[in-house]
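Undergrad: Take this structure first; my questions come after.
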Amino acid sequence: MPVEVDASVWRALLNACRLHSATNLAGTIFEKLVELEPMNAGNYVLISNLYAAAGLWMEVGQIRTRLREKGLERPPGVSWIVVKSQVHCFVAGDTSHLQSDIIYASLNSLSTLIKENGYIPDLRLVLRDEEG
Numbered sequence: 001m002p003v004e005v006d007a008s009v010w011r012a013l014l015n016a017c018r019l020h021s022a023t024n025l026a027g028t029i030f031e032k033l034v035e036l037e038p039m040n041a042g043n044y045v046l047i048s049n050l051y052a053a054a055g056l057w058m059e060v061g062q063i064r065t066r067l068r069e070k071g072l073e074r075p076p077g078v079s080w081i082v083v084k085s086q087v088h089c090f091v092a093g094d095t096s097h098l099q100s101d102i103i104y105a106s107l108n109s110l111s112t113l114i115k116e117n118g119y120i121p122d123l124r125l126v127l128r129d130e131e132g
């Protein structure tokens with residue numbers, strides 16, 4: 001029985017390309033995703049992160065340009081943690097949390113402490129800000 005291949009299957013393949021550094025195949029898969037979901041910003045973010053991890057900055061720039069041309073925006077990073085049975089949601093760059101001053105001060109303190117103790121961050125997926 002044939003199975004219809006939808007965007008979620010193509011996205012899984014694109015993520016596999018990221019895991020295996022298959023940048024050539026990733027481009028083909030990404031274009032198929034764009035055909036199926038032209039306005040899904042997450043697909044652009046996925047291929048952009050893949051290219052960034054591979055050091056392909058020109059391709060990252062091209063993807064960002066396409067994203068802007070379509071009027072799409074990269075969704076901000078979001079994290080959730082549970083502390084004492086209460087869920088806390090954090091959005092990258094957001095300072096609306098009631099205790100954001102304390103949170104950011106604690107984060108800076110922890111960052112300094114772990115670096116002083118030998119932590120070396122993996123910066124392969126940190127994107128360069130070429131837009132600002």
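If you use UniProt numbering, the sequence shown corresponds to residues 1 to 132, in order. We put the CB at the ideal spot given by N, CA and C, even for glycine. It should be emphasised that the depicted structure is a prediction, and the values quoted were computed from it without experimental measurement.
Need the endpoints of the alpha helix (DSSP H) that ILE102 sits in, please.
TA: Where ILE102 is concerned, the enclosing alpha helix (DSSP H) stretches over 100-116.
Undergrad: Mapping the DSSP letters down to three states, classify VAL78 as helix, strand or coil.
TA: VAL78 falls in the strand class under three-state DSSP.
Undergrad: Do THR23 and LEU50 have their C-beta atoms closer together than 8 Å?
TA: Result yes, Cβ atoms of THR23 and LEU50 sit closer than 8 Å.
Undergrad: Let me know the secondary structure DSSP gives VAL83 once reduced to three states.
TA: Residue state, collapsed to three classes: strand.
Undergrad: Where does SER48 land, buried or exposed, given buried means 16+ other C-beta within 10 angstroms?
TA: Classification of SER48: buried, given that the 10 Å Cβ count is 16 or more.
Undergrad: By the DSSP assignment, the alpha helix (DSSP H) with THR23 in it spans what residues?
TA: Segment 23-36, the alpha helix (DSSP H) holding THR23.
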